[in-house]
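S.K.:
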Amino acid sequence: MKAVGVSGVKIEIYKDLCKECGICISFCPHKVLDRSEEINSRGFHPPKVVSEDKCTECRLCELLCPDFAIAIKSSKHL
1429 MKAVGVSGVK IEIYKDLCKE CGICISFCPH KVLDRSEEIN SRGFHPPKVV SEDKCTECRL
1489 CELLCPDFAI AIKSSKHL
């Protein structure tokens, strides 16, 4: 079976910017993110990375986040 993810990708979540809208979790085609139990300084549950190895760098989470709380560091630029 062929691997789905891109080697070396890094997902950064800026937890204190998150307002728990869930867009990143809902739109990730490979279910890389999930809701965390952690509570940020604003009282919200930011997402957590559950399977970074499945990330294909589609950047949907980064592009759709209304609060710029997620950044994908490309494996090409690490």
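For any residue, its number in my numbering is found by taking its place in the sequence shown, counting from 1, and adding 1428.
Beta carbons: idealized from backbone N, C-alpha and C, even for Gly.
Fair warning: this is a prediction, and the values are worked out from it, not measured in the lab.
Just to check my reading of the structure: Leu1461 and Val1477 have Cβ atoms closer than 8 angstroms, yes? What is that Cβ distance to the nearest angstrom?
M.R.: 6 angstroms
S.K.: Is the beta carbon of Ile1451 sitting closer than 8 angstroms to the one on Cys1493?
M.R.: A contact, by the Cβ cut-off of 8 angstroms.
S.K.: DSSP state of Met1429, grouped into three classes?
M.R.: In this prediction, Met1429 scores a pLDDT of 42, lower than 50, which makes its location untrustworthy; no coordinate-derived value is stated.
S.K.: What residues match up with Glu1440 in a beta bridge as DSSP calls it?
M.R.: Ala1499
S.K.: Might you give, ordered along the chain, the residues of its own chain that have their beta carbon closer than 8 angstroms to the beta carbon of Lys1501, omitting 5 neighbours on each side?
M.R.: Val1437, Lys1438, Ile1439, Glu1440
S.K.: DSSP three-state call for Lys1482: helix, strand or coil?
M.R.: helix
S.K.: Looking only at its own chain, which residues have a Cβ that is under 6 angstroms from the Cβ of Ser1479, when we skip the five neighbours before and after it?
M.R.: Apart from sequence neighbours up to five positions away, the residues of its chain that approach Ser1479 with a beta-carbon distance below 6 angstroms are Val1460, ordered along the chain.
S.K.: Rounded to a whole number of angstroms, what is the C-alpha to C-alpha distance between Asn1468 and Cys1446?
M.R.: 8 angstroms
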